[in-house]
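Read top to bottom, the protein sequences are chains R and B. Take the first sequence: its letters are residues 1 to 219, numbered as in this note's numbering. Take the second sequence: its letters are residues 1001 to 1219, numbered as in this note's numbering. Glycine included, every Cβ here is placed at the ideal spot set by N, Cα and C. In what follows, a structure is listed as structure tokens, so that the remarks can point back to it.
There are 2 protein chains.
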Amino acid sequence: MSLPHAILTALLEKPSSGLELTRRFDRSIGYFWSATHQQIYRELGKLEGEGYIRALPAERPARGQKKSYEVLPAGREELARWTSAPQEPRPWRDALFVRLRAAAVVGTTGLEEDLQRHLTLHERQLAEYEEIEKRDFGPGRDSAQDRLQHLILRAGIDLETFWTQWLRNALTEFERLPDGGTSDAGAPDGGASEGGASEGGASGGGVPDAGGGAAAERA
Amino acid sequence: MSLPHAILTALLEKPSSGLELTRRFDRSIGYFWSATHQQIYRELGKLEGEGYIRALPAERPARGQKKSYEVLPAGREELARWTSAPQEPRPWRDALFVRLRAAAVVGTTGLEEDLQRHLTLHERQLAEYEEIEKRDFGPGRDSAQDRLQHLILRAGIDLETFWTQWLRNALTEFERLPDGGTSDAGAPDGGASEGGASEGGASGGGVPDAGGGAAAERA
DNA sequence: AGCCATTGTGCAACTAGTTGCATAAACCCC
DNA sequence: GGGGTTTATGCAACTAGTTGCACAATGGCT
């Protein structure tokens, strides 16, 4: 549950209204935790209800009227608590890998273009991050805050670097592949051929699964 | 919407029951697209309703009775369609970065231990992947399927490598930080100091936000 | 004065994923 | 043959996130 805490952080950095938050999320926090204005408004309501934030006094706090929030002490405490509490890392989930594995069964036709497109997007993002790094984290900027911020930016840069390299590698790999190919082959198609009842503890060291000894079920 | 397609892929590789699928997800597909048995059963029901898969004929398909599914032609077509259709990459979302940014405001106390713990977890995962690579993708294994599978595994290895390196780097950075520090400082606390109405187009190239010229709002 | 684009807040409905629990058959073991 | 564990399927309720839309105020234009 990171969104409320991302909002608390942003509000501590600077009290803001819902729309201001939305925009700040779009251009900076959203790089690692995106949110729509809907989510933000709803969350602001909840946070206010829980006594973590409060609306700054305004003249006419009506609909269509800007309403800014600031963090209350309880909110700051909650944020500190959450930040220091242990959390499990979430496994990396990406549809591209699912598609790649699907392609191994139904063929790679069409996938290549999209990989190429993703590569371009990631290159652009990488360039943007590097631009930011050059502009904001030159020598001299090394207060504690700057260093932590920089660390986050470095993660972004490294991740985009990973993507560009991996995608480039994937694309060269594709060129060496029988075109559109791999449409089937090797998949047992109904008949109870190699596996049957002996699932679970067969041949090698531990976890075979797709029959035929293929490495299909591990990576 | 990757889960139904991950299931179709798995079923094409080998017809399975719900629980078998759950296990296969646990140990291989789940590395990049995890799913609980609940999700899988629900999705199987849906896929069957849509005519993409069907239950293999069994004697007593009652509760507590194994029920295997296989993919129908329509399912294979849908999978091929989905695989080749363009999709947007999802932004990387990770609570750790939110916590790091929060730590820049409320202090780093307690975070370090958890970073250390994550490091250990990622090291373990990396070792596991490398083990799999050695076992399953040695020389010789280079059919089209193998190459695609290997590509996915490489992504896992590279990602875990990124994490271990980044976390190690973060931890050394922490050591050089004023202990537990950075508890506040620099956050404008209500008064309309530097920013005010001029949000949006101030000093440098484009997007300052937290006042004071700090790089706070970009990375 | 009338119109319309922009700014800002918000409801409602939906999709995806998680958690906790219920239940039934099979297997095993004494 | 009774009792506990394992295997297997599933319902219900919840949380998080997305999408589509409604509507109020404001400011500029003409």
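Let me see if you follow: with CB-CB separation under 7 Å, is residue i close to chain B or not?
| i | result |
| --- | --- |
| Q38/R | no |
| V71/R | no |
| A80/R | yes |
| Q87/R | yes |
| F174/R | no |
| T164/R | no |
| A95/R | yes |
| I152/R | yes |
| T120/R | no |
| P91/R | yes |
| L12/R | yes |
| S84/R | yes |
| T22/R | no |
| S2/R | yes |
How big is the Cα-Cα spacing for residue i and residue j?
| i | j | result |
| --- | --- | --- |
| A1143/B | G1030/B | Residue identity check: residue 1143/B is Ser in the sequence provided, not Ala. Those two C-alpha atoms are separated by around 23 Å. |
| R1081/B | S1068/B | 24 Å |
| A1127/B | A35/R | 34 Å |
| T172/R | A1104/B | 41 Å |
| E1078/B | G1110/B | 48 Å |
| E48/R | R54/R | 6 Å |
| L1121/B | W1163/B | 10 Å |
| A74/R | L1096/B | 22 Å |
| R1023/B | H37/R | 38 Å |
| R90/R | A155/R | 16 Å |
| G138/R | L148/R | 14 Å |
| L1072/B | I1007/B | 13 Å |
| V98/R | Q1125/B | 19 Å |
| G1213/B | G1140/B | Here G1213/B scores only 35 on pLDDT, less than 50, and its place in the model should not be relied on; the value that follows carries that caveat. Using only the alpha carbons, I get a separation of about 57 Å. |
| L11/R | F25/R | 11 Å |
| Q87/R | M1/R | 10 Å |
| P15/R | I132/R | 24 Å |
| Q1039/B | R93/R | 15 Å |
Taking DSSP as the reference, what is the three-state secondary structure of residue i?
| i | result |
| --- | --- |
| D54/R | Checking the displayed sequence, the identity of residue 54/R turns out to be Arg instead of Asp. Strand. |
| E1043/B | helix |
| S1016/B | strand |
| E88/R | coil |
| E1194/B | Low confidence applies to E1194/B: its pLDDT is 33, below 50, so where it sits in the model is not reliable, and the reading given next is rough at best. The answer is coil: DSSP assigns E1194/B none of H, G, I, E or B. |
| G1186/B | Any answer about G1186/B is weak, because its pLDDT of 42 lies below 50 and its placement is not dependable; what the coordinates show is given next. The answer is coil: DSSP assigns G1186/B none of H, G, I, E or B. |
Taking CB distances under 7 Å as the criterion, tell me whether residue i reaches chain R.
| i | result |
| --- | --- |
| R1147/B | yes |
| A1074/B | no |
| T1109/B | yes |
| A1127/B | no |
| R1101/B | yes |
| P1139/B | no |
| L1177/B | yes |
| L1159/B | yes |
| D1114/B | yes |
Going by C-alpha to C-alpha distance, which of the options sits closest to residue i?
| i | options | result |
| --- | --- | --- |
| R168/R | E112/R, G45/R, L151/R and V71/R | E112/R |
| K1046/B | R1176/B, R1024/B, G1018/B and D1114/B | G1018/B |
| E160/R | A102/R, F137/R, R54/R and Y129/R | Y129/R |
| F178/R | R124/R, G107/R and L148/R | Residue identity check: residue 178/R is Pro in the sequence provided, not Phe. Out of R124/R, G107/R and L148/R, G107/R has the C-alpha closest to the C-alpha of P178/R. |
| E1070/B | Q1087/B, G1051/B, P1086/B and T1083/B | G1051/B |
| H5/R | K1134/B, R1042/B and L1100/B | L1100/B |
| D1228/B | Q165/R, T83/R and S28/R | What is shown of chain B runs 1001 to 1219, which leaves residue 1228/B out entirely. |
| I1157/B | R1042/B, E1123/B and E1013/B | E1123/B |
| F1032/B | Q39/R, L12/R and A102/R | A102/R |
| K134/R | L153/R, E43/R, Q116/R and Q165/R | L153/R |
| Q116/R | Q1116/B, H1118/B, A1085/B and D1094/B | A1085/B |
| Q145/R | S2/R, M1/R and T9/R | T9/R |
| R1042/B | W1166/B, L1021/B and D1026/B | L1021/B |
| W1166/B | L1151/B, L1119/B and D1136/B | L1119/B |
| L1298/B | R1027/B, L1003/B, E1088/B and L1151/B | Since the first and last residues shown for chain B are 1001 and 1219, residue 1298/B lies out of range. |
| H1150/B | D1094/B, S1028/B and K1066/B | S1028/B |
Can you tell me whether residue i sits near the ligand MN, meaning its C-beta is under 6 Å from at least one heavy atom of the ligand?
| i | result |
| --- | --- |
| L115/R | Absence of the ligand MN is noted for the structure shown, with no ligands found whatsoever. |
- Message: Please give the ranges of any alpha helix (DSSP H) in the segment 126-182 of chain R, keeping only runs that are unbroken, at least 4 residues long and fully inside the region.
- Response: As for any alpha helix (DSSP H) of minimum length 4 sitting wholly inside the segment 126-182 of chain R, the runs are 144-175, ordered along the chain.
- Taking only runs that begin and end inside the segment 1090-1122 of chain B, name each unbroken alpha helix (DSSP H) of 4 or more residues, in chain order. With a minimum length of 4 residues, the continuous alpha helix (DSSP H) runs that stay inside the segment 1090-1122 of chain B are 1095-1106.
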